[in-house]
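Scroll down for the structure; my scribbles are underneath it.
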Amino acid sequence: MPREIITLQVGQCGNQIGMEFWKQLCLEHGISKEGILEDFATQGGDRKDVFFYQADDQQYIPRALLIDLEPRVINGIQNSEYRNLYNHENIFVSEHGGGAGNNWASGYDQVCLQSDSGVYLQSLQLLPSTSNCNFVVIKLYGSLPYKWTEIVVNADQGKGVEEAIMDMIDREADGSDSLEGFVLCHSIAGGTGSGMGSYLLETLNDRYSKKLVQTYSVFPNQMETSDVVVQPYNSLLTLKRLTLNADCVVVLDNTALNRIAVERLHLTNPTFAQTNSLVSTVMSASTTTLRYPGYMNNDLVGLLASLIPTPRCHFLMTGYTPLTVECQANVIRKTTVLDVMRRLLQTKNIMVSSYARTKEASQAKYISILNIIQGEMEPTQVHESLQRIRERKLVNFIEWGPASIQVALSRKSPYVQTAHRVSGLMLASHTSIRHLFSKCLSQYSLLRKKQAFLDNYRKFPMFADNDLSEFDESREILESLVDEYKACESPDYIKWGMEDPDQVLTGEGNASGTVDPKLAA
46 MPREIITLQV GQCGNQIGME FWKQLCLEHG ISKEGILEDF ATQGGDRKDV
96 FFYQADDQQY IPRALLIDLE PRVINGIQNS EYRNLYNHEN IFVSEHGGGA
146 GNNWASGYDQ VCLQSDSGVY LQSLQLLPST SNCNFVVIKL YGSLPYKWTE
196 IVVNADQGKG VEEAIMDMID READGSDSLE GFVLCHSIAG GTGSGMGSYL
246 LETLNDRYSK KLVQTYSVFP NQMETSDVVV QPYNSLLTLK RLTLNADCVV
296 VLDNTALNRI AVERLHLTNP TFAQTNSLVS TVMSASTTTL RYPGYMNNDL
346 VGLLASLIPT PRCHFLMTGY TPLTVECQAN VIRKTTVLDV MRRLLQTKNI
396 MVSSYARTKE ASQAKYISIL NIIQGEMEPT QVHESLQRIR ERKLVNFIEW
446 GPASIQVALS RKSPYVQTAH RVSGLMLASH TSIRHLFSKC LSQYSLLRKK
496 QAFLDNYRKF PMFADNDLSE FDESREILES LVDEYKACES PDYIKWGMED
546 PDQVLTGEGN ASGTVDPKLA A
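In my numbering, the protein residues as written are 46 to 566.
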């Protein structure tokens, strides 16, 4: 029986990469843009039910929720050629349509305020509540010619948003025969994907505590100046939830994606569509063994258990080869299992930028590797390739775990013609990912030292009365995560987790050095 997975697409970025993901899945399963099985899709052997369900009219409908606080991207999806694919009852757009203003707190609190004229009032201050506990008095100040005014706003508005979204999730969960978990697609830098995504992570962890939660989290491009000035704040607050409330985080680093598009695909100025195409390739390849099952890694728990030996170090980097885009479809080179597996280990093909110095890079180690190989190959070719890689010492593994590359063989979709005989995806846990977190911490420290833009957060309940403890706690958790990845490079890592109780996470998270009970066999 297939183990179903529900996908949550949150915010502009989440819905854009989610849309590309569903396009790819439709192609691979022979499903039309309207959700109808194509006449040529007769070979079978695939598990469509993991990500789709069939309506009464036999239409295949994604197990997906499309969520945003502003309508532009979702309106684009609803006006696209895939508009009939989704269940329209699973689409949520805020009735105010003002978005989260690239503010994590706004997305988290889920309350959007507007003046009577429809002008979004950016500044708000909580005043003492009235006798009716369901209402609060909000003091608003709009752009001239507006004046200071006091209005009464229903405080249940945010609760209503939560209830609407959770009703959709519960309905999808109840419609599943054997729900295995959830997949969240979002960005960590904006407002809705980071803030509302964080809220949903906490809620899912509480409400569906025995179900797996995996995320595809897009990290901002650190090499470019962002137009979101509070990006470091948003990223830090989101990373706390990704550390405490997710079982697995697949890191999609925009810095590395742009570098790969320029250097590997020779695109002068990569578009969002081309970058999202790379992301959808990774997402679809990482779920191949679930949809085209073989003799192992047929469910999400089996896939993740082999990659995450310690619960907090659940951030995965990816690599994929050979990469192509539509304009390069005719570029063909010979591919073999050994060639693919060697290329997956090359830094230039890794979709995460580590920011490591040369000395630090030499000390970084793999915690685990899973290669998903698709195409025409014999098992003996895999064994020979692994032997060659061991002989040449191409991989530097941790000393306290199994020093071996795991390989899952998967057949390609019979409905998608590719130019290459063999392709591969690497999912890996690597200690160098801590440098990505260190970069987030340093950017946060620069802003916090200057007390810059904090007023954008103080106007929300979590940060009212100048209470910035949420930032401090998030920073401590991320610093602890960086320390743990550093400790993983030592042969005494297990002892480190037991000797230093200050480093052991209690309460919301799991203790370091233990196995996540969701992933335990």
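Backbone N, C-alpha and C define an ideal beta-carbon position, used for all residues, glycine too.
Closest Cα partner of residue i within the set the options
i	options	result
N441	E534, S399, E529 and I478	E534
T333	P356, M471 and S221	M471
M422	R286, R456, K531 and E444	R456
D215	V118, Y244 and R108	R108
P447	I233, R493, L352 and T313	L352
D537	T380, I443, L257 and C230	I443
W149	R48, S254, Y127 and S280	S280
V118	S514, T288 and F137	F137
H475	F505, L415 and D500	L415
I106	G144, C71, N394 and E225	C71
G242	Q259, I417 and S254	Q259
P356	V294, A318 and V307	V294
N299	I395, G89 and S468	I395
D344	W445, V307 and L224	L224
L284	D500, I233, E308 and N342	I233
V461	V397, E247 and S329	S329
Q123	Y411, H428, F505 and M64	M64
L297	F264, S449 and T288	F264
F96	S514, D102 and G80	G80
A532	K494, R503 and R479	R479
I62	D94, A100, Q99 and I112	I112
L310	D91, T369, D517 and I51	T369
S125	D94, L82, K78 and G144	K78
L481	S398, D384 and A350	S398
Reduced DSSP secondary structure (H/G/I, E/B, other) of residue i
i	result
S525	helix
T380	coil
A100	coil
G220	coil
N375	Summary for N375: the model assigns pLDDT 49, below 50, so the residue's position carries little reliability; its value from the coordinates is reported in the next sentence. Correct three-state label for N375: coil.
I50	strand
I136	strand
Q462	coil
A532	helix
Q451	strand
V294	strand
E126	coil
D113	strand
H231	strand
F505	coil
I353	coil
L82	strand
E207	helix
I567	Outside the shown range of the chain (46 to 566) lies residue 567, about which nothing can therefore be said.
E225	strand
Residue i burial status per 10 Å Cβ neighbour count (16 or more: buried)
i	result
R435	exposed
H133	exposed
L249	buried
L439	exposed
P277	buried
F227	buried
Y340	exposed
G220	exposed
F85	exposed
R520	buried
V327	buried
G89	exposed
V274	exposed
R286	buried
V307	exposed
I450	buried
Segment limits, alpha helix (DSSP H) that includes residue i
i	result
G364	From DSSP, G364 is part of no alpha helix (DSSP H) but of the beta strand (DSSP E) over F360 to T366.
A424	The residue asked about is misnamed: residue 424 is Pro in this sequence, not Ala. Looking at the DSSP string, the run of the alpha helix (DSSP H) that includes P424 is P424 to E436.
E65	G56 to H74
Y411	Taken as a continuous stretch (DSSP letters only), Y411 belongs to no alpha helix (DSSP H), being part of the beta strand (DSSP E) at Y411 to G420.
A330	F317 to S331
Q496	Here Q496 belongs to no alpha helix (DSSP H), and DSSP marks it neither H nor E.
Y131	Segment: none, Y131 is in no alpha helix (DSSP H) and carries neither H nor E.
I305	N299 to E308
Run of the beta strand (DSSP E) containing residue i, from where it starts to where it stops
i	result
M471	V467 to H475
P107	Y105 to P107
T22	No information on residue 22 is available, as it lies outside the stretch 46 to 566 that the chain covers here.
A145	That residue, A145, is in no beta strand (DSSP E); it is neither H nor E in DSSP.
Cβ-heavy atom distance, residue i to the ligand GDP, below 7 angstroms
i	result
W67	No copy of the ligand GDP appears in this structure; indeed no ligand is present at all.
Residue-chain proximity (residue i, chain C), Cβ-Cβ < 8 angstroms
i	result
S413	The chain labelled as chain C is not found in the depicted structure, where only one protein chain is given.
Item to check | Length at least 3, wholly inside the region 233–259: the beta strand (DSSP E) runs in chain order | outcome: Qualifying beta strand (DSSP E) stretches: none in this window.
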